[in-house]
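In UniProt numbering, the protein residues as written are 1 to 471. Don't be surprised by glycine CBs; every beta carbon is placed ideally from N, CA and C.
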């Protein structure tokens with residue numbers, strides 16, 4: 001096994017068929033051919049190359065005609081696959097009429113084709129990412145609405161802090177994905193840019209109509225026109241890697257919380273139940289958080305690999321010697337791992353089992369100490385804040401030692417003048433959720449507004465190429 005996407009065992013766990021197909025040799029070569037065909041067609045319209053040559057080039061840009069063994073040999077020899085692809089197409093065109101094939105790849109350089117193909121691969125990967133965003137957002141919105149008033153213990157330094165709602169916890173995640181959507185839109189505007197400049201990026205081989213050719217090619221491929229060549233300016237690619245690291249990091253944070261909440265002693269949520277999923281070979285009672293485990297591992301690798309893209313930014317002069325190839329190694333892994341992480345997260349959220357009774361039970365563990373802040377503030381109005389703080393502190397310690405509820409200790413204390421009814425209200429975690437509900441509803445409104453805007457916006461271009469697709 002050379003990559004998880006090649007594994008019969010792990011290819012649908014640590015990768016996905018959809019993302020793996022985008023980054024396969026066949027698809028990558030299909031992107032090369034699509035660009036070469038588009039270039040020939042554009043240049044024929046601009047009278048840069050003969051129309052008959054362009055017609056034959058377009059006709060021969062068919063990935064099913066590629067001799068893969070020959071391409072492997074020539075890639076090993078030359079160091080880049082594009083030249084080997086071009087040679088095969090030139091040969092086929094020349095078989096029709098000698099010399100016509102020589103018009104292929106006119107004015108382009110290997111990196112032009114490679115970088116533009118990478119941009120197209122990233123474009124189609126981002127479509128898959130956005131589809132996962134849709135699924136995650138839908139499921140989270142439903143959970144937030146359902147549990148916006150469900151009391152839950154907030155944790156600080158792994159200790160119970162104050163009450164909040166479970167919906168509030170989930171709405172924070174939903175708001176994060178809302179921000180990722182904004183980042184995605186901004187990223188697309190900077191990333192989806194053509195690379196076509198020739199040897200040093202100056203388009204010197206196409207005088208008079210070079211910039212026009214660049215514009216028409218960008219239009220043909222659905223990409224933006226570059227302001228200037230970016231052969232060794234790799235911020236676009238590094239930013240994409242950083243975005244994937246951010247997204248998977250968000251997934252890993254949620255997975256960590258689920259793992260902690262799924263512990264036997266906590267039991268507040270569970271991964272979706274599927275018979276025997278997460279089973280132990282020796283302990284029949286086990287139900288391991290297997291999705292969370294995969295999310296954690298994959299997100300960690302994405303973060304590490306994305307760092308390599310920042311190394312790839314440090315390139316020499318106008319064409320680099322080594323850093324560029326870093327992208328070839330890590331981008332396929334980053335993209336397939338990111339999509340797999342999002343798929344696992346989407347399925348986890350969609351089927352998440354929530355246990356409100358366990359949440360309520362855990363709120364009662366501290367015998368009322370979890371609402372000590374509420375009690376302190378309530379008593380502070382008559383006793384003074386500092387005295388109330390010290391009083392409640394001592395009573396909480398007594399409750400922990402004796403197991404007696406804080407409520408009863410408050411009722412018994414001579415300095416506490418509030419009625420039992422008033423103290424019961426102060427000691428009820430459900431009455432101390434702050435603005436949990438209001439904040440959940442605010443996030444839900446933001447998401448709905450975003451969905452309304454997206455429904456009226458044009459869909460992003462998605463032209464994933466598969467073997468045999470017409471170019």
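Alpha helix (DSSP H) segment containing residue i, residue limits
| i | result |
| --- | --- |
| residue 263 | Segment: none, residue 263 is in no alpha helix (DSSP H) and carries neither H nor E. |
| residue 313 | That residue, residue 313, is in no alpha helix (DSSP H); it is neither H nor E in DSSP. |
| residue 34 | 25-45 |
| residue 174 | 166-191 |
| residue 15 | Run containing residue 15: none; DSSP gives neither H nor E here. |
| residue 363 | 356-363 |
| residue 383 | 372-383 |
| residue 332 | 323-350 |
Where the beta strand (DSSP E) containing residue i begins and where it ends
| i | result |
| --- | --- |
| residue 199 | Run containing residue 199: none; DSSP gives neither H nor E here. |
| residue 117 | From DSSP, residue 117 is part of no beta strand (DSSP E) but of the alpha helix (DSSP H) over 110-146. |
| residue 153 | 151-156 |
Candidates the options, of which the one nearest residue i by Cα
| i | options | result |
| --- | --- | --- |
| residue 68 | 57, 89 and 308 | 89 |
| residue 544 | 347, 261, 202 and 386 | No answer is possible for residue 544: the residues shown for the chain start at 1 and end at 471. |
| residue 266 | 12, 237, 158 and 38 | 158 |
| residue 240 | 189, 107, 219 and 15 | 189 |
| residue 232 | 199, 261, 220 and 205 | 199 |
| residue 237 | 306, 274 and 217 | 306 |
| residue 99 | 50, 261, 381 and 456 | 50 |
| residue 318 | 375, 402, 394 and 230 | 230 |
| residue 343 | 139, 48 and 108 | 139 |
| residue 204 | 253, 235, 107 and 144 | 107 |
| residue 33 | 8, 365 and 66 | 66 |
| residue 183 | 207, 167 and 133 | 133 |
| residue 443 | 37, 144, 97 and 10 | 144 |
| residue 268 | 167, 328, 315 and 362 | 362 |
| residue 185 | 213, 215, 37 and 127 | 127 |
| residue 215 | 254, 438 and 38 | 38 |
| residue 327 | 77, 101 and 119 | 119 |
| residue 309 | 357, 234, 428 and 114 | 234 |
Residue i and residue j closer than 7 Å at C-beta
| i | j | result |
| --- | --- | --- |
| residue 46 | residue 209 | yes |
| residue 346 | residue 135 | yes |
| residue 23 | residue 335 | yes |
| residue 423 | residue 409 | no |
| residue 440 | residue 171 | yes |
| residue 177 | residue 137 | yes |
| residue 289 | residue 261 | no |
| residue 416 | residue 141 | no |
| residue 151 | residue 430 | yes |
| residue 192 | residue 224 | yes |
| residue 42 | residue 217 | yes |
| residue 61 | residue 36 | yes |
C-alpha distance - residue i paired with residue j, whole-angstrom precision
| i | j | result |
| --- | --- | --- |
| residue 222 | residue 251 | 31 Å |
| residue 436 | residue 149 | 8 Å |
| residue 175 | residue 86 | 47 Å |
| residue 470 | residue 165 | Any reading at residue 470 must be qualified, since the residue scores a pLDDT of 36, below 50, and its modelled position is unreliable; the value itself is stated next. Each residue's Cα considered, the two are about 53 Å apart. |
| residue 264 | residue 123 | 42 Å |
| residue 246 | residue 71 | 36 Å |
| residue 323 | residue 311 | 7 Å |
| residue 360 | residue 173 | 22 Å |
| residue 19 | residue 4 | 12 Å |
| residue 387 | residue 396 | 14 Å |
| residue 394 | residue 381 | 19 Å |
| residue 13 | residue 129 | 16 Å |
| residue 421 | residue 16 | 57 Å |
| residue 25 | residue 456 | 36 Å |
| residue 383 | residue 419 | 15 Å |
| residue 168 | residue 274 | 27 Å |
| residue 6 | residue 331 | 16 Å |
| residue 438 | residue 270 | 26 Å |
| residue 110 | residue 78 | 11 Å |
| residue 403 | residue 412 | 15 Å |
| residue 102 | residue 348 | 54 Å |
Cutoff 6 Å; reference residue i; Cβ partners in own chain excluding five residues on either side
| i | result |
| --- | --- |
| residue 338 | 244, 248 and 302 |
| residue 367 | 399, 405 and 406 |
| residue 112 | 195 and 196 |
| residue 57 | 40, 93 and 104 |
| residue 341 | 248, 251, 295, 298 and 299 |
| residue 375 | 392 and 426 |
| residue 8 | none |
Own chain residues within Cβ distance below 8 Å of residue i, not counting five before or after
| i | result |
| --- | --- |
| residue 28 | 81, 117 and 121 |
| residue 75 | 81 and 84 |
| residue 44 | 50, 51, 53, 54 and 55 |
| residue 314 | 323 |
| residue 353 | 269, 270, 271, 272 and 273 |
Distance cut-off 6 Å: residue i Cβ against heavy atoms of the ligand FMN
| i | result |
| --- | --- |
| residue 137 | For the ligand FMN, the structure offers nothing, since it holds no ligand at all. |
Own chain, CB closer than 7 Å to residue i, minus 5 neighbours either side, in chain order
| i | result |
| --- | --- |
| residue 351 | 272 |
| residue 162 | 154, 370, 373 and 432 |
| residue 450 | 178 and 181 |
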